[in-house]
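A quick write-up on the structure given underneath.
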Amino acid sequence: MSAVKRSAKKRLLALAIIGVSCRLLLFSAAAPAEKKDIVSVEKTPRLAARLQPLGLDLLFEWDNKVYILAGPRDLRTLDRNHIPYLMESNKFPALTSSPVLLQGGINGDYHSYLELEADLQDLERAHPEIARLYTIGMSLENRKIYALKISDNVALDEEEAEVLFLGCHHAREWISVEVPFLLAKHLLENYASDAAVRRAVDQSEVWIAPLINPDGLEYSIRFYRYWRKNRRLNVDGSFGVDLNRNYGYNWAYDNEGSSPEPAAEVYRGSAPFSEPETRAVRDLFLEREFQALVTYHSYSQVILYPWGYTPTPTDKEALHWSLAADMSMLMEAVNGRLYGFGPSAQSSYLTNGDTTDWAFGVAGIPAYTIELPPVDQLGGGFFNAERDITPVFNENLPAALYLINWSIVNFGAFQAQEREARTDRLNGRGKVPGRHQN
Amino acid sequence: MIKILYVLRCLLLILSLIVLPVAAPAQLVIGQYEDEAPLRTWNSFGLATAASIGRGETMLAVADDCSAALTNPALLASLPRLTLSLNGSYSRSTLFRYSIVNTGVLASDKNLGIGLFALDFGGLSFRLNGWTLAITASLSEAYDRPQADVQSAYAGVPYASILFRQTGFLRTVNVAAARKIGGRLQAGIGLNFVHGELGREVKDEYFDNGITISHRIDQSFSGFYLNGGLLARITGRLDLALVFRTSYDRKSKNRSKLRYQAPFAGTDILIEAASDDLYHQPCAAGLGARYTLSPRLRILGDLVYIRWSEYQVDYFGEREARDFGPAFKATVGGEYISPVRLFKKQAVVPLRVGIGYDRQPMRHPESAYAILSFGTGLHWRTFGIDVGGQAGRESGSGRGLEVMRFCFSLHIRL
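As structure tokens, then:
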């Protein structure tokens with residue numbers, strides 16, 4: 009009897025999905041401008057009474073849930089009324105872009121600058137209580153560099169752990185935009201339904217800047233897929249500064265970890281923070297008190313931590329190692345992909361003027377470069393198939409949550425004295441912990 | 003009956019010209035611009051055949067042949083009862099910065115040139131019940147770029163190569179009608195269908211591991227617009243012309259294939275996209291004057307204004323930034339008719355000279371071409387040939403880009 013009931017239920021659900029899909033197709037044809045999602049709300053008498061006056065587009069009821077077709081404004085309404093909901097769009101194929109239709113950006117499912125800008129603004133609009141979009145700087149070609157702050161009471165600067173996630177210092181590493189962006193999306197869309205996410209958002213301030221090098225990304229999309237640097241016109245007529253060699257800690261330490269040659273792929277620029285893109289990150293860093301940082305890159309599937317400029321270990325090697333080991337384990341558990349880990353100079357190659365050396369060097373915080381898949385050039389190098397975007401994000405999600413959680417747990421231990429010392433260092437005063445003396 | 007057959011043959015010839023691939027790369031050195039920038043100039047307004055090229059591209063107030071349908075259809079009413087025209091050209095342009103050349107990937111210390119041979123115009127006009135009708139086909143724009151095929155080597159052994167290739171064109175088929183209104187006025191209107199294509203390819207190859215990264219973009223264009231004009235005889239010596247071209251949406255069907263192949267590892271990643279986009283083309287207006295100093299000598303001047311500030315590009319679903327302002331092209335030319343005898347028949351040899359200033363639409367850096375032209379020809383009985391050449395040099399970009407064009411026209415006038 010129950011098997012028959014289940015079968016009938018499945019058929020009914022299938023019919024509902026087909027019906028909704030058809031409706032969505034019609035809807036897409038008629039009004040393609042606003043992106044809609046399907047969300048479900050628990051069907052309880054109390055919630056039903058609260059839903060009724062909101063004027064939402066109720067699709068159908070199923071399995072003690074009410075399914076709603078919701079645009080950003082509707083999601084905002086739900087947030088404002090403290091009605092928890094679950095994102096269910098993935099059950100309705102008509103809502104997700106189909107490669108068969110071949111419509112859309114030249115870069116497929118990856119974000120261009122304009123697409124990312126629109127999506128970040130949508131996220132902020134849909135979740136105004138917990139998301140706020142900031143412009144932290146402008147690129148050389150006058151594109152905005154965005155950072156999305158995610159936290160409860162987002163308008164307030166609370167005494168909470170702060171964690172920074174960065175993406176796309178290097179233009180050709182398209183996947184490094186997607187992972188931090190999807191992290192933001194995940195935190196916002198699962199805030200109401202996922203206890204771990206809610207804790208992360210309530211007890212910390214997560215800052216996500218998915219696109220540090222928008223000019224380079226656009227050039228990579230429009231003209232040359234393997235473009236790496238920003239779009240600085242150098243004195244010798246060549247283009248680009250490697251943003252991940254332009255940070256101010258041991259900048260230009262040697263010519264192996266970065267290059268003084270403008271045409272080189274790892275050209276460090278004319279001075280530390282010579283580029284507006286790195287200055288944007290620096291200025292955000294100066295304003296905040298981050299307890300941890302992750303910067304996403306690709307490829308090689310490895311978690312790197314300072315130092316990059318020297319093989320000598322830092323004085324916090326054990327902590328770095330332990331956090332990286334835990335993150336690697338969590339990541340492997342998702343799709344079985346193993347992320348190696350270790351100090352940057354030893355596990356990868358020498359780099360000077362990079363983000364993590366600077367963040368650790370001046371602030372003493374755990375700072376990780378996560379080199380996303382694939383593992384090698386033969387596996388795709390800086391290319392990831394569009395279908396790999398979600399799996400790569402999924403395996404990085406627990407590591408990101410883990411690091412946020414670590415920051416929350418250790419926030420109390422982050423002594424006022426330490427903070428004060430760090431402020432001095434950021435302002436160029438005082439000694440830097442763990443700095444290799446030469 | 004013979005005349006009808008003659009006209010039909012001519013029509014067949016014109017149609018075959020329309021479907022022929024008319025541009026062929028003549029010289030491929032390396033060179034620069036936006037992908038959709040026409041070679042030579044953004045300010046294309048109709049097509050200048052050899053006679054008008056010789057006078058500095060003055061063509062709004064004088065009908066040399068049925069190419070007038072593309073610029074000022076009113077002039078068609080001045081043509082003989084039946085005309086046939088063909089025009090071939092060789093043009094050469096130098097470029098510096100375009101696509102991946104001199105923008106960070108491939109570098110050159112000098113301007114790069116590209117030459118194109120083209121049979122770029124064919125047309126027919128005839129008079130019917132007081133109306134003059136014309137059908138013409140022209141190669142109005144070319145988007146070819148100097149090809150780049152560069153190998154990298156270490157210790158004399160090549161290990162990688164990079165290829166850049168772009169070709170493209172735009173053809174215009176025009177149907178026009180004109181009529182004399184009273185003794186002093188002529189009016190004409192034309193319907194223009196444009197179609198064309200643009201293909202661009204960038205390909206990296208790494209020889210040691212067999213990795214290939216390729217990006218192929220194909221675009222096909224279509225659209226239509228109206229053009230028209232008036233010619234007024236102000237005095238016995240002075241004619242004035244007013245012309246216009248409507249703005250229009252040049253539709254573009256775009257497809258992109260971005261591919262990463264590492265055959266040794268079985269890796270094949272393909273990112274495809276397709277999009278229906280458009281290039282909103284600006285409207286244009288012009289003023290032309292012809293002053294007859296003597297039966298043998300006349301001077302002409304044209305001013306064409308193109309409202310490039312309304313130009314818009316939607317490319318794979320995104321609005322592309324183009325910092326364009328209105329642009330204009332001013333030209334002045336003179337023509338002296340020298341009578342000669344050929345095979346005991348009267349013939350004329352026109353001698354032409356002209357100058358022009360062609361301001362490009364980019365705001366930064368400001369850029370303009372100064373152009374010097376010359377031309378001659380021979381008109382004998384019903385046949386005529388014209389040749390014309392022009393050379394121009396750009397100022398503003400700091401690169402001193404150059405353009406030159408040589409044209410050869412054949413006419414039959416009955």
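If you read the sequences in order, they're chains A and B.
Going by the numbering used here, the letters in the first sequence line up with residues 9 to 446, in that order.
Going by the numbering used here, the letters in the second sequence line up with residues 3 to 416, in that order.
The beta-carbon is built from N, C-alpha and C at its ideal position, and this holds for glycine as well.
Note that the coordinates shown come from a computational prediction; the quantities given were computed from them, not determined experimentally.
Go through its chain and collect everything with a Cβ distance to residue i's Cβ below 8 Å, but skip five positions before and after it.
| i | result |
| --- | --- |
| S340(B) | R298, V350, V351, P352, L353 |
| T248(B) | Y227, L228, N229, C285 |
| E125(A) | K152, Y154 |
| D396(A) | I183, P381 |
| H305(A) | H177, H178, E181, S184, N252, T377, I378, E379, L380 |
| F298(A) | E170, V171, L172, W215, A367, A371, I373 |
| E394(A) | P107, G116, D117, Y118 |
| V139(A) | Rather than Val, the amino acid found at residue 139(A) in this sequence is Ala. Once the five neighbours on either side are set aside, the close Cβ partners of A139(A) are L131, E132, L156, K157, I158, V162, A192, L196. |
Does chain A have any CB closer than 8 Å to the CB of residue i?
| i | result |
| --- | --- |
| V204(B) | yes |
| N45(B) | no |
| Y262(B) | yes |
| E211(B) | Rather than Glu, the amino acid found at residue 211(B) in this sequence is Asn. Chain A contact via Cβ: present. |
| T269(B) | yes |
| I301(B) | no |
| L403(B) | no |
| A150(B) | no |
| A275(B) | yes |
| H217(B) | yes |
| G400(B) | no |
| S258(B) | yes |
| C409(B) | no |
| F266(B) | yes |
In chain order, what residues of the same chain lie with their CB nearer than 6 Å to the CB of residue i, ignoring the 5 residues before and after it?
| i | result |
| --- | --- |
| G192(B) | A71, P75, N176, A178, N229 |
| S216(B) | K205, R261 |
| P314(A) | T322, T364, D365, F368 |
| F189(A) | P218 |
| Y208(B) | A162 |
| Q168(B) | R147, R202 |
With a cut-off of 8 Å on the beta carbons, I'd call residue i and residue j a contact; round off their distance for me.
| i | j | result |
| --- | --- | --- |
| E59(B) | G358(B) | 6 Å |
| S95(B) | V306(B) | Incorrect: roughly 20 Å between the Cβ atoms, too far for contact. |
| F326(B) | Y313(B) | 5 Å |
| L97(B) | R147(B) | 7 Å |
| N254(A) | R236(A) | With a Cβ gap of about 13 Å, N254(A) and R236(A) do not count as contacting. |
| V209(A) | L191(A) | So it is not a contact: roughly 12 Å between Cβ atoms. |
| T214(B) | L386(A) | The Cβ separation is near 12 Å, so there is no contact. |
Starting from the C-beta of residue i, find all residues in its chain whose C-beta is less than 7 Å away, skip the five residues before and the five after it, and write them out in chain order.
| i | result |
| --- | --- |
| S46(B) | P40, S142, E143 |
| R401(B) | F98, N113 |
| L17(B) | In this prediction, L17(B) scores a pLDDT of 46, lower than 50, which makes its location untrustworthy; no coordinate-derived value is stated. |
| D223(A) | S147, L148, E149, R151, N238, R239 |
For residue i and chain B, any beta-carbon pair shorter than 8 Å?
| i | result |
| --- | --- |
| F189(A) | no |
| R253(A) | no |
| Q309(A) | no |
| R233(A) | yes |
| Q211(A) | no |
| G388(A) | yes |
| N115(A) | yes |
| P122(A) | Correcting the residue type first, residue 122(A) is Leu in the shown sequence and not Pro. So, interface residue. |
| A192(A) | no |
| E137(A) | no |
| E285(A) | no |
Using a Cβ cut-off of 8 Å (strictly closer), state whether residue i contacts chain D.
| i | result |
| --- | --- |
| F223(B) | Among the chains of the structure shown, chain D does not appear; the protein chains present are A and B. |
Q: Could you please tell me which residues of the segment 346–374 of chain B, in chain order, have their CB closer than 7 Å to any CB of chain A?
A: none
Q: Select from the segment 79–111 of chain B all residues with a C-beta closer than 7 Å to any C-beta belonging to chain A, and list them in chain order.
A: S101, I102, T105, G106, V107, A109
Q: Anything in the segment 148–182 of chain A with a Cβ closer than 8 Å to a Cβ of chain B? List those residues in chain order, please.
A: none
Q: May I ask you to list, following chain order, the residues of the segment 310–334 of chain B that have a beta carbon less than 7 Å from some beta carbon of chain A?
A: F318, G319, E320
(Q) So if I threshold CB-CB distances at 9 Å, which residues from the segment 329–351 of chain A count as touching chain B? (A) none
Q | Start-end ranges of the beta strand (DSSP E) lying completely within the segment 99–171 of chain A, minimum 3 residues | A | 139–146, 152–158
**Q.** In chain order, each beta strand (DSSP E) run of at least 3 residues that lies wholly inside the segment 241–266 of chain B
**A.** 250–264
**Q.** Members of the segment 237–248 of chain A near chain B, C-beta cut-off 7 Å
**A.** G245, S246, F247, G248
Q | Segments of 4+ residues assigned as alpha helix (DSSP H) that fall wholly inside the segment 191–269 of chain A | A | 203–211, 222–230
Q: Return the chain-ordered ranges of every beta strand (DSSP E) run that is complete within the segment 337–380 of chain B and spans a minimum of 3 residues.
A: 347–361
Q | beta strand (DSSP E) runs contained entirely in the segment 175–227 of chain B, provided each spans 3 or more residues | A | 187–208
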